[in-house]
Amino acid sequence: MLTQAQNKLLTETTPGTAGGDFMRRYWQPVALSAELDLDTPMPVRVMSENLVLFRDADGKPALIERRCPHRGMDLSYGRLEPGGLRCLYHGWVFSKTGQCLEQPNEPASSTFKDRIKHKGYPCTEAGGLVLAYMGPGEAPPIPAIPFLLADAANSSVTKRYHECNFVQANDIDPSHLSFLHLLFDSKLANGPSNQYNIQDSSPETMCEETPFGLRAYSVRTLKDGEKYVRLTNFIMPNMQAFVGAPIFNPRVRRPNDEDGYSLHWHVPIDDEHHWKYVIHYSAVGPIDHEYQDAIQANEVDDQLRPVRTAENRYLQDRQEMKTRTYSGVGTSFQDQDRMAVESQGPIYDRSFEHLGVADKPMIEQRKIIFQGIQDVQEGRDPLILRKDVANPFDELITRSAIIAPGVPVQGFWRSGVELVTP
Ligand code: FES
Ligand SMILES: [Fe+2]
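Spelled out as structure tokens, the structure:
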């Protein structure tokens, strides 16, 4: 449980708030690379800031404030020209840094334009995403998360619109796998983890703080005494990495944790909405995009808006709940999770909750975030941005495994134990 003041601190990212200052110290995705055409500026809203994203003459992304500083027209309707973005209303032109370059409605001798410095943020592309740095001072290096360093062809990236605050992300919650995501028809399941999650619904959880955030172990005891261990990572300030569904078509390539993993990056649109960037990363070369696209094809419309929404009660099917799925909203984990977190309300009031032993990873995650907010408020670098750690992602491990009785569970992945990957 949090006090309402703590909840506010955790969930607010508008400019000038403590949480907003903290989040702005990190690079954040602002679009999928594939969404941003060469010739069409794109309106985006990030952490309650209305911005326009466009590609410059070299095809590089640029992000500036959307409202024209002259008399406020929306610049996303503007003309893209080799020098920058031209406002339709009176023709002012802005460079990718926000500098006003031309004011054709002013006298030719005027130097007024030199004094108009519109807001502009550094931008780059990595892993199939357009990233922006919206914080103070010089931008830090792009975080050395493997999918951001690899060729974009190694990742499948998409995003899901969520009508709730970004902190409601539930990827490090281990016990919900034994309920919300259960499939009664084993033919619908991807691999054996569904069966393991049924066998033990109250996993033991252990957490370790890491240079990137938090590593959480969930340990389920199976019928024969073996342990099913699954690692989930919270990466500061708003990302999770974990073993997900198979990243290649299991009919073509046997699922193997070494092949890659999934990441969810929850980016505030404002305090009551967020984009969940869904990333599947292959560590072994180009991913099978056709397979990944096919899995996700029926979940969203052509604007990436989910088909199942609160308005249509997520098309929940009571008949399906009897024989096929626990949730009644199909087999997509994305839809099941979205129903859970959106139904908590636009900004979940954590003064209402009652946390148990099963909720340990979320409790630890909040502590790390609060520490990060305090670090920024007191002028220290928060996790990942500290200069004394060469690569905070050296020990980013995503793995699930079956471990024999008696073998230590924590740190199994570095102990050289012979594992049976489920
Ligand atoms: S409002 Fe943009 S140039 Fe006038
Ligand atoms: Fe989930």
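Just so we're aligned, residue 6 is where the sequence shown starts under our numbering, counting upward by one. Every residue gets a Cβ at the ideal spot worked out from N, C-alpha and C, and that includes glycine.
| field | Neighbour-count burial assignment, proline 179, 16 or more Cβ in a 10 Å radius | value | buried
| request: Taking arginine 30 and valine 381 to be in contact with their CB atoms under 8 Å, please state how far apart those CB atoms are, rounded to whole angstroms. | output: 6 Å
| query | Would you say arginine 84 touches ligand 1, meaning its beta carbon is less than 7 Å from a heavy atom? | reply | no
| Buried or exposed by the 16-neighbour rule on C-beta atoms within 10 Å, applied to arginine 391 | exposed
| request: In the DSSP assignment, find the alpha helix (DSSP H) that holds lysine 365 and state where it starts and stops. | output: 365-382
| message | On a Cα-Cα basis, can you pick out the residue from Asn243, Gln341, Arg165 that is closest to tryptophan 32? | response | Asn243
| Just to check, is the beta-carbon of aspartate 342 closer than 7 Å to a non-hydrogen atom of ligand 2? | yes
| message | If you measure from each CB to the nearest heavy atom of ligand 1 and keep those under 5 Å, what residues do you get, in chain order? | response | Cys73, His75, Arg76, Met78, Cys92, Tyr94, His95, Trp97
| Any contact of the segment 116-132 with the segment 94-104, i.e. 3+ C-beta pairs under 8 Å? | yes
| request: Using 7 Å as the cut-off, classify the Cβ of histidine 186 as near or not near the heavy atoms of ligand 2, replying yes or no. | output: yes
| message | Is histidine 181 close to ligand 2? I mean its beta-carbon at under 7 Å from any heavy atom of the ligand. | response | yes
| field | Host alpha helix (DSSP H) of threonine 16 (start-end) | value | 9-16
| request: Mark phenylalanine 117 as exposed unless 16 or more other C-beta atoms lie within 10 angstroms of its C-beta, in which case mark it buried. | output: exposed
| Taking the alpha carbon of histidine 279 as the point to measure from, which residue in Met52, Arg258, Gly350 has its own alpha carbon closest? | Met52
| request: Give every residue of the same chain whose Cβ lies closer than 6 Å to the Cβ of arginine 235, excluding the five residues on either side of it in the sequence, and list them in chain order. | output: Ser223, Ser405
| said: Given 7 Å as the limit, tell me if asparagine 55 has its C-beta closer than that to any heavy atom belonging to ligand 2. | reply: no
| task | Would you mind listing the beta strand (DSSP E) stretches within the segment 141-187 that are 3+ residues and don't spill past its ends, in chain order? | result | 160-167
| message | Counting C-beta neighbours from all protein chains within 10 Å, is the total for histidine 285 16 or more, i.e. buried, or is it exposed? | response | buried
| Is it true that the CB of phenylalanine 247 sits closer than 8 Å to the CB of tyrosine 296? | no
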